[in-house]
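Per the working numbering, the sequence shown starts with residue 58, numbered consecutively.
Structure first, commentary second.
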Amino acid sequence: MSDTIASLRRQISGAEDLQSVVRTMKAVAASSIGQYEKSVRALSDYHSVVELGLEACFRYTTSHPIFAKDTLPQDAQRTSAVVFGSDQGLVGRFNDEVASYAVQTLSALPIKPEIWTVGERVHAHLADEEMHLMGQFAIPNTVKAITPFVGKILMEIGTRHSQNDGAELYLFYNRPASGSAYTPVSQRLLPLDEEWQDNLAERTWPSENLPEVIGGSIMTLQMLIREYLFVSLFRACAESLASENASRLAAMQRADNNINELMEDLKRTFHHLRQSGIDEEMFDVISGFEALNGKET
Numbered sequence: 058m059s060d061t062i063a064s065l066r067r068q069i070s071g072a073e074d075l076q077s078v079v080r081t082m083k084a085v086a087a088s089s090i091g092q093y094e095k096s097v098r099a100l101s102d103y104h105s106v107v108e109l110g111l112e113a114c115f116r117y118t119t120s121h122p123i124f125a126k127d128t129l130p131q132d133a134q135r136t137s138a139v140v141f142g143s144d145q146g147l148v149g150r151f152n153d154e155v156a157s158y159a160v161q162t163l164s165a166l167p168i169k170p171e172i173w174t175v176g177e178r179v180h181a182h183l184a185d186e187e188m189h190l191m192g193q194f195a196i197p198n199t200v201k202a203i204t205p206f207v208g209k210i211l212m213e214i215g216t217r218h219s220q221n222d223g224a225e226l227y228l229f230y231n232r233p234a235s236g237s238a239y240t241p242v243s244q245r246l247l248p249l250d251e252e253w254q255d256n257l258a259e260r261t262w263p264s265e266n267l268p269e270v271i272g273g274s275i276m277t278l279q280m281l282i283r284e285y286l287f288v289s290l291f292r293a294c295a296e297s298l299a300s301e302n303a304s305r306l307a308a309m310q311r312a313d314n315n316i317n318e319l320m321e322d323l324k325r326t327f328h329h330l331r332q333s334g335i336d337e338e339m340f341d342v343i344s345g346f347e348a349l350n351g352k353e354t
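So this is what it looks like as structure tokens:
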């Protein structure tokens with residue numbers, strides 16, 4: 058009996074320690090969600106400003122060598138993708154869903170894509186699918202770390218695409234939805250072709266005062282293109298990190314609830330065994346007392 062009670066004490070103590078870790082991870086995830094969601098909101102405004110600048114430039118620049126003309130033969134083109142996942146576990150189906158979505162989308166393309174992954178977990182998923190993996194990036198752990206991280210991606214992708222104006226680049230990541238939900242999405246970031254240019258140029262200017270580009274329109278356009286690529290990758294990374302932490306928060310909440318249920322069962326069993334032990338001891342005392350009285354009479 059004592060060994061069983063001692064064992065239950067150890068299990069209860071272990072469950073309490075585990076619950077403390079889980080609640081700490083919940084607090085960290087909740088705090089991280091806030092900073093990434095704040096950066097996403099700020100990026101949305103900045104992204105709109107960059108697109109307005111591009112629209113203004115296109116009013117004066119109808120064509121330029123930076124835009125792909127889609128004249129390359131299909132076998133000379135290059136298709137690449139960046140898939141954002143996580144380095145750590147305890148995120149539910151976060152990596153499974155974005156990896157499955159990327160595989161399904163990329164498998165339908167006529168050219169087998171070269172894939173860069175962001176995070177060890179999603180890299181393993183895509184390796185199991187025998188995708189053409191080119192490299193892996195570590196996930197930034199703060200908002201400030203996203204900027205140099207995006208610079209590394211742009212440098213790597215730029216090296217691969219520098220001799221191929223018709224190259225395609227896709228982004229795959231999870232985007233936050235309501236509550237702790239998220240949904241896998243994709244974006245065709247490159248090429249910056251005539252279709253992309255026309256879509257921006259056809260937008261209605263938000264005011265009656267038409268824009269004017271000061272200085273050389275080509276130089277301004279090139280600067281805005283760089284900002285467009287940067288902010289697109291930054292937003293994809295920030296939204297993926299916000300989704301990851303939301304998924305981890307939900308997973309930790311489920312774990313916390315499970316630990317609570319386990320502790321209730323352990324404590325109920327512990328108190329039952331302890332009461333049974335007390336009852337047995339009381340019965341032995343009473344039996345001994347009655348036996349003693351019987352001898353005296």
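Positions of the beta carbon are idealized from the N, C-alpha and C atoms, including for glycine.
Which class does residue 216 belong to by DSSP, given the choice of helix, strand or coil?
helix
Start and end of the beta strand (DSSP E) containing residue 225?
225-233
Please report the straight-line C-alpha distance between residue 114 and residue 315, rounded to a whole angstrom.
57 Å
Name, in chain order, the residues that DSSP records as bridge partners for residue 171.
137 and 189
Using 8 Å as the cut-off, can you tell me whether the region 198-206 makes contact with the region 151-166, which would need three or more C-beta pairs spanning the two stretches below that distance?
The region 198-206, when compared against the region 151-166, does not touch it at the 8 Å Cβ threshold.
Once the 5 residues before and after residue 183 are set aside, which same chain residues still bring their CB inside 8 Å of it?
So the qualifying residues of the chain are 140, 156, 159, 160, 172, 174 and 190.
Opposing strand residues paired with residue 242 [DSSP bridges]:
230
Classify residue 195: buried if its beta carbon has 16 or more other beta carbons within 10 angstroms, exposed otherwise.
exposed
Identify every residue that forms a DSSP beta bridge with residue 287.
In DSSP, residue 287 forms no bridge with anything.
In whole angstroms, what is the alpha-carbon distance linking residue 177 and residue 282?
Each residue's Cα considered, the two are about 30 Å apart.
Any idea which residues DSSP pairs residue 115 with across the strands?
In DSSP, residue 115 forms no bridge with anything.
Residue 138 and residue 229 - do their beta-carbons sit closer together than 8 Å?
yes
Can you give me the Cβ contacts of residue 104 inside the same chain, cut-off strictly under 6 Å, excluding the 5 residues immediately before and after it?
288
Hey, out of 91, 187, 96 and 106, whose CA is closest to residue 263's CA?
106
Using the C-alpha atoms, what's the distance from residue 210 back to residue 146?
23 Å
Taking the C-alpha atoms as reference points, what is the distance between residue 142 and residue 266?
So the alpha carbons of these two residues sit roughly 43 Å apart.
Under a three-way DSSP split, which group does residue 163 fall into?
helix
Spatial neighbours of residue 71 in its chain, beta-carbon cut-off 7 Å, leaving aside the 5 residues before and after
There are no such residues.
In terms of residues, what are the limits of the alpha helix (DSSP H) holding residue 259?
Going by DSSP, residue 259 is part of no alpha helix (DSSP H) at all; its letter is neither H nor E.
Rounded separation between residue 242 and residue 109 - CA only
24 Å
Who are the near neighbours of residue 100 in its chain, counting only those whose CB is closer than 7 Å to its CB and skipping five residues on each side?
288, 291, 292 and 295
I think residue 323 touches residue 69, with their Cβ atoms under 8 Å apart; what is that distance to the nearest whole Å?
5 Å
Is DSSP giving residue 100 helix, strand or coil here?
helix
Going by Cα to Cα distance, which pick from 328, 84, 279 and 197 is closest to residue 144?
It is 197 whose Cα lies nearest to the Cα of residue 144.
Less than 8 Å between C-beta atoms, sequence neighbours within five positions excluded: which residues of the same chain meet that for residue 75?
316
Chain C within 8 Å of residue 289, Cβ atoms only:
Looking at the structure shown, chain C is missing, and only one protein chain is on hand.
Can you look up residue 196 in the DSSP assignment and give me helix, strand or coil?
coil
Have a look at the DSSP bridge pairing and note the partners of residue 247.
In the DSSP output, where bridge partners are listed per residue, residue 247 has 226.
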